[in-house]
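Residue numbers (the working numbering): 17 to 343.
Virtual Cβ for every residue (Gly too), placed ideally from N, Cα, C.
Okay, structure first, notes after.
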């Protein structure tokens, strides 16, 4: 590997977003667009062929889409998938803050104790008390109360290109559970290697004040491996990409030479030795192959014994008189 600029934060390019809803324009032009929660994943990106690949994998129709504000037009698909298989990339893939946004941008960004922009203690807690997050969950005072914002970067192994996709949620409950799962995995892997996970949109409900409220929560599940595997160190890339072990062998593996057939067609033990050396150089030797090649080599050695020695009678051949010469 070549040299790198040590002061740069090397990170994979963001290819698109995984969303849990969308918005529709309000009938009143003075009001904000109305949010719509989705039971399935919504995939968006600047690149149309990325979204087309997502539609082929998880269903739905690709459409042009204009993000809120003055963003550049993109493409999106409202898939039919409630869950998506993904990989957690190396490092810490999760970023969380309590945030408040308006047309002027981010107005508050808080870690729960200190508001980062003003450097003051948590403003929402000072104004509304410890249960301030319930105001947000009750769809109240959205422009005055922060949202627990979680951004999780994941790799979608079967999508085009190499990079990460951002799954973003503003759910207080998802923030608690997502951080718990990711931090537990990081405690075992140390942020090294890939970890197979499933991102699932799970319907939840909460009863408060005599009312039942239904809402979706993004759930991160470790996929295809046991907690012991996830917590005892970095996972191999091969296991992370195929935790079930059911993937078809790679083309290179299928193209491995038939060393036994070549050895059976050899004429001398030296030819069998050449087969052995090529298998060894390719890293294809195993105990069974070594034993089979030795058996073929021994057989060829036995077949190569001089025939004249077997036919010569005891005591040697009798002398024969040669005409015109000595006996």
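Per the DSSP secondary-structure output, residue 114 pairs in a beta bridge with 126, 164. Ranked by Cα distance from residue 181, the first of 20, 30, 21 is 30.
Residue 207 carries a coil assignment under DSSP once its states are collapsed to helix, strand and coil.
Annotation: residue 230 is outside any alpha helix (DSSP H); the continuous beta strand (DSSP E) that includes it extends over 227-238. Between residue 208 and residue 250, the C-beta gap is smaller than 8 Å, which places the two residues in contact. It is roughly 38 Å from the alpha-carbon of residue 49 to the alpha-carbon of residue 200.
Fewer than three pairs of CB atoms, one per stretch, sit closer than 8 Å, so the segment 74-84 makes no contact with the segment 103-123. When the alpha-carbon of residue 178 is set against those of 169, 186, 184, the nearest one is in 169.
As computed with DSSP, residue 254 is found in no beta bridge at all. Residue pairing by DSSP puts residue 94 in a beta bridge opposite 58. Pairing residue 160 with residue 135, the inter-Cα distance amounts to about 18 Å. The DSSP-derived three-state label of residue 51 is strand. In the DSSP annotation of this structure, residue 43 is not part of any beta strand (DSSP E), being labelled neither H nor E. Of the candidates 60, 118, 98, 60 places its Cα closest to the Cα of residue 91. Per DSSP, the continuous beta strand (DSSP E) segment holding residue 79 begins and ends at 78-81. The residues 129, 130, 131, in chain order, have a CB closer than 8 Å to that of residue 137 in the same chain once the five nearest residues on each side in sequence are set aside. Taking all protein chains in view, the Cβ of residue 104 is crowded by 16 or more other Cβ atoms within 10 Å, so the residue is classified as buried. In this structure, the alpha-carbon of residue 211 lies about 35 Å from that of residue 146. Residue 317 sits in a helix when the DSSP states are folded into three classes. Bridge partners of residue 136 according to DSSP: 131.
Excluding its 5 nearest sequence neighbours in each direction, residue 172 has C-beta neighbours in its own chain below 6 Å: 102, 181, listed in chain order.
Contact between residue 246 and residue 204 holds, with the beta-carbon distance rounding to 6 Å and staying under 8 Å. Under the three-state reduction of DSSP, residue 245 is assigned to helix. For residue 298, there is no enclosing alpha helix (DSSP H), as DSSP marks it with neither H nor E.
Straight across, the Cα-Cα distance linking residue 41 with residue 63 is about 24 Å. Ranked by Cα distance from residue 38, the options 58, 313, 289 are led by 58.
Where residue 183 is concerned, the enclosing beta strand (DSSP E) starts and stops at 180-185. For residue 223, the secondary structure class from DSSP, reduced to helix, strand or coil, is strand. Note on residue 306: under 16 other CB atoms within 10 angstroms of its CB, so exposed under the neighbour-count rule. The beta carbons of residue 66 and residue 243 sit about 33 Å from each other, so the pair does not count as a contact at 8 Å.
In the assembly as shown, residue 139 is a buried residue. Its beta-carbon has 16 or more other beta-carbons within 10 Å.
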